[in-house]
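For the sequence shown, position 92 matches number 91 in numbering that gives the first Met the number 0, and the numbering has no gaps at all.
Cβ atoms here follow ideal geometry from the backbone N, Cα and C, with glycine treated the same way.
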Amino acid sequence: MRIKNIAAASVTALAAIAAVLATGAPAQAATTKFCNISFEFAGNGCFYSTGDKFTVQDMRADGLRTVLEWRTTDGRSGECHDSNGANNPPTTCDYDLKENEVVVFYLENRNGATGAPSNMGQAITAWTSGR
Numbered sequence: 000m001r002i003k004n005i006a007a008a009s010v011t012a013l014a015a016i017a018a019v020l021a022t023g024a025p026a027q028a029a030t031t032k033f034c035n036i037s038f039e040f041a042g043n044g045c046f047y048s049t050g051d052k053f054t055v056q057d058m059r060a061d062g063l064r065t066v067l068e069w070r071t072t073d074g075r076s077g078e079c080h081d082s083n084g085a086n087n088p089p090t091t092c093d094y095d096l097k098e099n100e101v102v103v104f105y106l107e108n109r110n111g112a113t114g115a116p117s118n119m120g121q122a123i124t125a126w127t128s129g130r
């Protein structure tokens, strides 16, 4: 009799767990964060797939700005500049990118908006939301 009671309790518990799992929250796309650093850790930057936002932050007081350059598979490209000095909050650049696109971005440091690039980081591949 004791084994039947344990078996019945186990079946009831499993049914309750299955009912909870079957009535989960509505599906929604999660924001995926892709991040990178420039060579010698002079700056960092991220792409957020939901909202199509880039952040870039200068991490070294060397008189240079940190720049995040990006390109998508549909041919769009742009730059996000952090020119507010080192170790301040990151600069956010907000774009409206197509869904299901590949985004490639990298970081570099520049002396001014159009200065020669230095401390270039590795390219990072990301995806816009919907993928």
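Problem - Uninterrupted alpha helix (DSSP H) stretches inside the region 100-124 (no shorter than 4 residues) - result: Taking only runs of at least 4 residues, no alpha helix (DSSP H) segment lies wholly in the region 100-124.
Exercise for the section: For Ser117, collect the residues of the same chain with a Cβ closer than 6 Å to its Cβ; drop the 5 residues on either side in sequence, then sort them by chain order. Expected result: Only Asn108 meet the Cβ criterion.
Problem - Residue from Asn110, Thr124 and Trp126 whose Cα sits closest to the Cα of Asp61 - result: Asn110
Exercise for the section: List the residues that DSSP assigns as beta-bridge partners of Leu67. Expected result: Cys79 and Leu106
Practice task
For the region 74-87 and the region 118-126, state whether three or more C-beta atom pairs, one from each stretch, are separated by less than 8 Å.
Solution key: no
Practice task
Decide if Met99 is buried, meaning its Cβ has at least 16 other Cβ atoms within 10 Å, or exposed.
Solution key: In the sequence under discussion, the amino acid at residue 99 is Asn, which differs from the Met named in the question. Burial call: exposed.
Problem - Among Leu106, Ala112 and Leu96, nearest to Trp126 - alpha-carbon criterion - result: Leu96
Exercise for the section: Please name the residue, chosen from Val66, Phe53 and Val102, that lies closest to Arg75 on a Cα-to-Cα basis. Expected result: Val102
Practice task
Would you list the residues sitting across from Thr90 in a DSSP beta bridge?
Solution key: In the DSSP output, where bridge partners are listed per residue, Thr90 has Val55.
Handout entry: Close beta carbons around Phe132, own chain, < 7 Å, minus the five adjacent residues each side
Key = In the structure as shown, the chain starts at 0 and stops at 130, and residue 132 therefore has no counterpart that could be examined.
Problem - Nonlocal neighbours in the same chain, by C-beta distance under 6 Å from Leu20, ignoring five residues either side - result: A caution first: Leu20 carries a pLDDT of 39, below 50, which makes its placement in the model too unreliable to give a value.
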